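To keep things clear, I will list the structure first and then write my remarks on it.
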Amino acid sequence: MVSTSTLPQGFSLIKRGRTELVIRDLYKDRLMEREIHNLEVLSLRQGDKAQFMEGRGLLVSLPMDGKGPERMVIRHYEHGGIFRALTRDLFVVGSRPFRELILTEMARKAGLPTMEVLIAIKRLVLWPFYKGDLVSKEIPNSADLLQYFTRWEKAKAQKQLGEKRELIRQAGRLVREMHEVGIYHADLQLKNFIVEMGEGGLGPLHIIDFDRSKVIHPLKSNKWLSNLLRLDRSVEKWRHSGLWITRTDRLRFLMSYLEGDEERRAFMRTYLRKYIRRRRRYKIGWAIERLLYS
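Using our numbering, the first residue of the sequence shown is number 79, and each one after it goes up by one.
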């Protein structure tokens with residue numbers, strides 16, 4: 079159970095039977111009118127307006143209300159890895175949605191561009207088991223970096239090539255800023271970077287999905303390394319599926335991450351050695367994953 083003393087500023091705790099919600103005050107009246115505490119009913123009512131998105135767990139985009147173009151994204155928590163086949167969306171004790179909301183708000187206050195969480199929901203099934211959801215405001219006209227890069231071909235125009243390179247530099251700077259404020263991301267991968275795409279070009283890059291992430295002060299080099307290797311594993315996995323990310327692109331990201339920081343430069347050789355060793359193990363893990371879930 080979440081305590082009102084630990085709620086971020088601007089949020090309230092609401093209870094409806096076996097369901098607990100931590101909801102942003104600015105949107106509370108609008109969303110409670112729509113019975114946001116009962117997502118299954120809401121999704122059925124809005125089925126014709128729902129948009130389904132790829133991500134970790136089920137992502138559903140729905141209109142926030144009938145008064146404007148704003149939409150919200152509902153992420154239903156599911157286990158990853160081997161537990162996905164066993165327990166699906168049941169969790170034991172704890173409050174993962176509430177912890178992610180609190181950490182995301184900490185990131186926002188530190189100036190990191192990320193999603194605006196509207197509600198965290200925890201539904202008790204049968205003690206100690208619960209299910210959880212996180213509802214955030216949708217970033218309009220956006221795509222994650224995996225979606226963005228899979229659109230590329232080597233024959234693209236020079237302007238688009240410049241956009242790609244600038245995105246990679248932004249990603250390097252954003253990860254460095256995240257580490258500087260002490261956040262260790264538990265699932266740093268291409269799908270968790272979101273870029274806005276307007277008519278005038280690309281907008282800012284956002285980092286999302288702080289589920290199971292931690293705040294550590296100071297965040298030491300072994301944690302930097304762990305995050306970078308996790309991100310590189312994501313890139314390597316999709317490169318084998320045709321993603322156009324070159325060795326030069328990876329170096330460009332790393333140099334942006336290291337820019338102006340001699341301490342980080344000192345561990346660059348360690349990073350490169352561990353990357354070479356771990357790359358050999360990636361293929362084994364992917365083969366097992368395909369065997370279990372294909």
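Here a beta-carbon is modelled for each residue, glycine too, at the ideal position from N, C-alpha and C. Because the structure is a prediction, the values reported are computed rather than measured.
Under three-state DSSP, which class holds residue 233?
-> Its pLDDT being 47, under 50, residue 233 is placed unreliably in this model, and the coordinates cannot settle the point.
Can you grab the Cα-Cα spacing for the pair residue 105 / residue 111, in whole Å?
-> Looking at the two C-alpha atoms, the distance is approximately 10 Å.
Start-to-end residues for the beta strand (DSSP E) that takes in residue 200 = In this chain, the beta strand (DSSP E) harbouring residue 200 covers 194 to 204.
Per DSSP, which residues does residue 170 bridge with? Please list them.
-> Under DSSP, residue 170 shares a beta bridge with 207.
With DSSP run on the structure shown, which of helix, strand or coil describes residue 259?
-> Of the three classes helix, strand and coil, the one that applies to residue 259 here is coil, per DSSP.
Please report the residue range of the alpha helix (DSSP H) in which residue 269 lies.
-> From DSSP, residue 269 is part of no alpha helix (DSSP H); its letter is neither H nor E.
Pick out whichever of 208, 306, 181, 226 has its Cα sitting closest to the Cα of residue 165.
-> Cα-wise, what sits closest to residue 165 is 208.
DSSP three-state call for residue 142: helix, strand or coil?
-> Note: residue 142 maps to coil in three-state DSSP.
For the region 238 to 247 and the region 196 to 208, state whether three or more C-beta atom pairs, one from each stretch, are separated by less than 8 Å.
-> Output reads no: the region 196 to 208 does not touch the region 238 to 247.
Any idea what DSSP makes of residue 165, helix, strand or coil?
-> Of the three classes helix, strand and coil, the one that applies to residue 165 here is coil, per DSSP.
Do the CB positions of residue 273 and residue 335 come within less than 8 Å of each other?
-> It is not a contact, given that the beta carbons lie outside the stated cut-off.
Residues that residue 221 bridges to, as DSSP identifies them = According to DSSP, residue 221 bridges with 273.
Just reading off the beta strand (DSSP E) that residue 308 is part of, what are its end residues?
-> Per DSSP, residue 308 lies in no beta strand (DSSP E); the unbroken alpha helix (DSSP H) holding it starts and ends at 299 to 317.
Between residue 316 and residue 224, which are expected to be in contact by the criterion C-beta below 8 Å, what is the C-beta distance as a whole number of angstroms?
-> 6 Å between Cβ atoms; contact.
Have a look at 255, 262, 220 and flag the residue whose alpha-carbon is nearest the alpha-carbon of residue 373.
-> Because the chain is modelled from 79 through 372, residue 373 falls outside the range shown and cannot be assessed.
Could you name the residues that DSSP lists as bridge partners for residue 94?
-> Checking the DSSP bridge columns, you'll see residue 94 partnered with 97.
Over the uninterrupted alpha helix (DSSP H) stretch that includes residue 331, give me the two end residues.
-> Where residue 331 is concerned, the enclosing alpha helix (DSSP H) stretches over 325 to 336.
Taking residue 180 as the reference, which of 167, 169, 197 has the closest Cα?
-> Of the listed residues, the one whose Cα sits closest to residue 180 is 197.
Rounded C-alpha distance that separates residue 98 from residue 149 = Distance between the alpha carbons of residue 98 and residue 149 is about 22 Å.
Indicate the three-state DSSP secondary structure (helix, strand or coil) for residue 121 in the structure shown.
-> In the three-state DSSP reduction, residue 121 falls in the helix class (H, G or I).
Boundaries (first-last residue) of the alpha helix (DSSP H) holding residue 109 | Residues 106 to 111.
What's the gap between the Cα of residue 233 and the Cα of residue 311?
-> Confidence is the limiting factor: at residue 233 the pLDDT is only 47, short of 50, which leaves the residue's position unreliable, though a coordinate-based value still follows. Roughly 26 Å between the two C-alpha positions.
How about residue 268 and residue 222: do their beta carbons lie closer than 8 Å?
-> Between residue 268 and residue 222, the C-beta spacing is below 8 Å.
C-alpha gap between residue 331 and residue 300, whole angstroms | One C-alpha to the other measures close to 18 Å.
Could you name the residues of the same chain whose beta carbon sits closer than 8 Å to that of residue 245, not counting the 5 residues immediately before and after it, in chain order?
-> Here residue 245 has 223, 226, 273, 280, 283 as same chain residues with Cβ atoms under 8 Å from its own Cβ, once five neighbours each way along the sequence are excluded.
In this structure, does DSSP put residue 180 in helix, strand or coil?
-> In the three-state scheme derived from DSSP, where H, G and I count as helix and E and B as strand, residue 180 is classed as helix.
Return the chain-ordered list of same chain residues with a C-beta closer than 7 Å to the C-beta of residue 92, the five sequence neighbours on each side being excluded.
-> Within the same chain, and ignoring the five residues on either side of residue 92 in sequence, the residues whose Cβ sits closer than 7 Å to its Cβ are 99, 101.
Between the region 180 to 193 and the region 111 to 123, do three or more beta carbon pairs fall short of 8 Å?
-> No: the two stretches stay apart, fewer than three of their Cβ pairs being nearer than 8 Å.
Classify residue 344 as buried or exposed, calling it buried when 16 or more other Cβ atoms lie within 10 Å of its own Cβ.
-> Exposed.
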